[in-house]
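Notes for the one structure printed next.
Number of protein chains: 2
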Amino acid sequence: MTTLSDVASAVGVSVSAVSRVLNDAPGTRVSEETRQRILETARQMDYRPNHSARSLRLQRTAVLACVLPDLTNALFSELVEGAEDAARERGYTLLLSRAEGMHDLDDTLARLLGEGRVDGAIVQMPDGLEPESLDSLVHDALPVVFLHAAHPRRTGSVMLDDAAAARTATDHLLALGHERIAFVGGLAGSPSARRREEGFREAMAQAGHAVDEKLVTRFGYRISDADSALAVLAEAQPRPTALVVANMNAGMAALGAARRMKWSVPEDLSVVAVHDAWPAAMTWPPLTTVRMPLRSLGRAAVECLIERLQVGTAADRLLSNESPQLIRRASTSAIEG
Amino acid sequence: MTTLSDVASAVGVSVSAVSRVLNDAPGTRVSEETRQRILETARQMDYRPNHSARSLRLQRTAVLACVLPDLTNALFSELVEGAEDAARERGYTLLLSRAEGMHDLDDTLARLLGEGRVDGAIVQMPDGLEPESLDSLVHDALPVVFLHAAHPRRTGSVMLDDAAAARTATDHLLALGHERIAFVGGLAGSPSARRREEGFREAMAQAGHAVDEKLVTRFGYRISDADSALAVLAEAQPRPTALVVANMNAGMAALGAARRMKWSVPEDLSVVAVHDAWPAAMTWPPLTTVRMPLRSLGRAAVECLIERLQVGTAADRLLSNESPQLIRRASTSAIEG
DNA sequence: ATTACATGATCAAACGTTTGATCATGTCAA
DNA sequence: TTGACATGATCAAACGTTTGATCATGTAAT
């Protein structure tokens, strides 16, 4: 670990001179010759500023945390890439962290923000939990930006146009001639799941079809939840001919559940899910999805957070410029087709 | 941000007293009464030690990095959980990071280790790259433990019994009556892919079957690589009746490629892949796999790294107690069945 | 010849911890 | 009454940076 003073004594100059040159601080007064000597020596000695010392002095770490319920979810890949890009551009480093439950999240935020390891955090609440439930931590306006859900204290948040995505999915099925369409939703508490359900209802209403409440389930996105959902839908008379699933992973799970129930897709049942990532192309049949601008969401989250850090406050943002895009694969087909 | 001196002045006592009590340092001499007052006040004021200050003083961060080529790969989920658990138990925090290529990795390690953000790192090399290629960084014995591959400088590494896994996969196919078995491997440069190929060859030799070299491909694990591999295999005369794929994701991709070539699985072609994670159950047909002890690998990596940090040196470890386990799904069937 | 100012460089404090050294006070033994 | 020692507490330095203040020197203007 070469330090500033190592470089300084190697060059035969003061520590402050070295510091100023390396940061090229505004108003630095140093001769061109020593400047070159300093730069050259620092390079040779492979000097790197110590992060702890610097953040202690500056009272900021230039690190942002991104806390997600499950890092290995393919859906997060794009999101994280967008966030990383934006962070890098603004001179920040992105740190990834996982927090499965409420307790985990409390702990994690306390460690990250409370101990000054990061300047701010982007948080997606674990499924079924709403931002207000960690009010304890946001008590004195911690620099946290929420994904997919707004905190009542308006601490900053970014959201996708979930209603539009669900409408796109539903319209696709309607265009294929389906009328008896089921909605497989997330947990009732989830704001984004709620917005998607609304979008579904809007599309149905606009097409002039009633929504059969027996065809709306809200079990969640886990694999076993798909079994529960399809079991319920199989009871309905008559059975639905198509499904809008509120989430890609849940959509994949629904395909599995349908197969176990000998319900063949897409012949007897069309399935379309919100969100897209590569695993959707690996299922059988490949899953029709609605692609959402996750990369932009990641970028927006970082920008929102940085604004929050600099200005002290940040507006909630709804990303609605890029409209959700249907990715037609083989899990949907025309009715009676 | 409450600091030590905030607490100290609130209690009316020196900073050092507070520090000693809160860390309950060995040989601390403080009256029971003040000890209680300090603890109580610290709790009330929600004091948390500043991470930068502490690591600056202690010259260690108690943070370990885990640098992987792709965080959203489902295979890493288990690995990371094992590593996180082990880290937590030993009083460390695990930081996750992604590095796709060699350049990324260089950069990342420089930032993490060079700037003293972490005490050590667990690294899985990106596909096709071997540890020796970043010799530049391991020049003065940086605290790095490699996953799946040993560094010639013996910097510490942990590996799975890849040969055993490939043998298990191959034996399964042999038991089903297959003889003409192909091996779809990783890139030739990958040590773990090499070990799996050896395991395949051992199993074939033991069963008394010759390996047709035309049935061994080494394109890699990406989706497009599966297309290349299957195109080659389709040319072989006679065609293989079964495939051992060296990696689960590649196995899923192989299913897709086979379908595109109208090669039906498992009727005309059985497929088994090394490694298991939930997406394998979502494909059609569900993919038969060989499960490997990834959680233990994560634990072992952390333990190896900590040993390295404390003792200064660490042995390479091969995890062979838990033998690879066949997960029979629907992508393999008996020949002529 | 004095003042004024620009230039090139250093000093020193501060960020929040930890920890060896030191101090003040009281108790006990000689 | 002095010395030895235990107890409860504080002092001060250090970790590696950054940065406002200061210093020394030379040059130009009065």
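The listed protein sequences correspond, in order, to chains A and B.
Under the numbering used here, the letters of the first sequence match residues 15 to 351, in that order.
Under the numbering used here, the letters of the second sequence match residues 15 to 351, in that order.
Cβ coordinates follow ideal geometry from the N, Cα and C atoms, glycine included.
Sorted by chain position, which residues of the same chain lie with C-beta nearer than 7 Å to residue i's C-beta, five sequence neighbours on each side aside?
| i | result |
| --- | --- |
| B:T182 | V304, P338 and L340 |
| A:L201 | D141, G142, A207, R232 and G234 |
| B:E317 | A100 |
| A:P293 | A88 and M266 |
| A:G351 | For A:G351, the predicted structure reports a pLDDT of 49, less than 50, and the residue's modelled location is therefore unreliable. A value from the coordinates is still provided. Around A:G351: no qualifying Cβ. |
| B:N261 | G200, Y235, A287, V288 and H289 |
| A:T16 | M59, D60 and Y61 |
| B:E352 | The question about residue 352 of chain B has no answer, for chain B in this structure spans 15 to 351. |
| B:L332 | M173 and D175 |
With a CB to CB cut of under 6 Å and the five nearest residues on each side skipped, what residues in its chain are close to residue i?
| i | result |
| --- | --- |
| B:R52 | Note that residue 52 of chain B corresponds to Ile in the displayed sequence, not to Arg. These residues qualify, in order along the chain: V25, V32 and V35. |
| B:R104 | I320 |
| B:T107 | V77 |
| B:V259 | V198, G265, A268 and A287 |
| A:P157 | G134, R322 and L323 |
| B:A177 | R209, E212 and G213 |
| A:R194 | P254 and T255 |
| B:T184 | F214, A217 and V258 |
| B:H223 | E193 |
| A:P205 | A163 |
Residue i: buried (16+ other C-beta within 10 angstroms of its C-beta) or exposed?
| i | result |
| --- | --- |
| A:A100 | buried |
| A:W298 | buried |
| A:H117 | exposed |
| A:Q50 | exposed |
| B:S28 | exposed |
| A:E98 | buried |
| B:S23 | exposed |
| B:S19 | exposed |
| A:R313 | buried |
| A:G115 | exposed |
| B:S334 | exposed |
| B:P145 | buried |
| B:P40 | exposed |
| B:V137 | buried |
| B:D121 | exposed |
| B:R131 | buried |
| A:T327 | exposed |
| A:V81 | buried |
I'd like to know whether the C-beta atoms of residue i and residue j end up nearer to each other than 7 Å.
| i | j | result |
| --- | --- | --- |
| A:L257 | A:A221 | no |
| A:L301 | A:S345 | yes |
| A:D133 | A:L323 | yes |
| B:A245 | B:K228 | no |
| B:L311 | B:V172 | yes |
| A:A135 | A:L126 | yes |
| A:S111 | B:T86 | no |
| A:A164 | A:D330 | yes |
| A:A196 | A:L161 | no |
| A:T55 | A:V21 | yes |
| B:R62 | A:E216 | no |
| A:V159 | A:A315 | yes |
| A:H186 | A:I349 | no |
| B:A179 | B:M306 | yes |
| B:A79 | B:L109 | yes |
Residue i bridges to which residues according to DSSP?
| i | result |
| --- | --- |
| A:Q339 | A:R305 |
| B:R131 | DSSP output for B:R131 lists no bridge partner at all. |
| B:I195 | B:A256 |
| B:M173 | B:L332 |
| A:I136 | A:C80 and A:V159 |
| B:A287 | B:V259 and B:T303 |
| A:V230 | A:F197 |
| A:L108 | A:L78 |
| B:R346 | This sequence places Thr at residue 346 of chain B; Arg is not what is there. Beta-bridge pairing links B:T346 to no other residue. |
Return the chain-ordered list of same chain residues with a C-beta closer than 8 Å to the C-beta of residue i, the five sequence neighbours on each side being excluded.
| i | result |
| --- | --- |
| B:R343 | A294, A295, P299, P300, L301, T302 and T303 |
| A:G372 | Outside the displayed span of chain A (15 to 351) sits residue 372 of chain A, for which this structure offers no information. |
| B:P83 | R112, A113, E114, Q138, M139, P140 and D141 |
### Message
Would you call the stretch 58 to 76 of chain B in contact with the stretch 63 to 76 of chain A, where contact means no fewer than 3 C-beta pairs closer than 8 Å?
### Response
With the rule of 3 Cβ pairs closer than 8 Å, the stretch 58 to 76 of chain B counts as touching the stretch 63 to 76 of chain A.
### Query
Do the stretch 265 to 278 of chain B and the stretch 209 to 229 of chain B meet, that is, are 3 or more Cβ pairs less than 8 Å apart?
As far as the Cβ criterion goes, the stretch 265 to 278 of chain B does not touch the stretch 209 to 229 of chain B, which means the pair count is below three.
### Query
Is there contact between the stretch 263 to 272 of chain B and the stretch 237 to 252 of chain B, where contact requires at least three CB pairs shorter than 8 Å?
Segments in contact, yes.
### Query
With a cut-off of 8 Å, do at least 3 Cβ pairs link the stretch 226 to 234 of chain B to the stretch 166 to 175 of chain B?
Result no; under three Cβ-Cβ pairs closer than 8 Å.
### Query
For the stretch 252 to 266 of chain A against the stretch 278 to 297 of chain A, are there 3 or more C-beta pairs whose distance is under 8 Å?
The way I'd put it, the stretch 252 to 266 of chain A does touch the stretch 278 to 297 of chain A; three or more beta-carbon pairs between them come closer than 8 Å.
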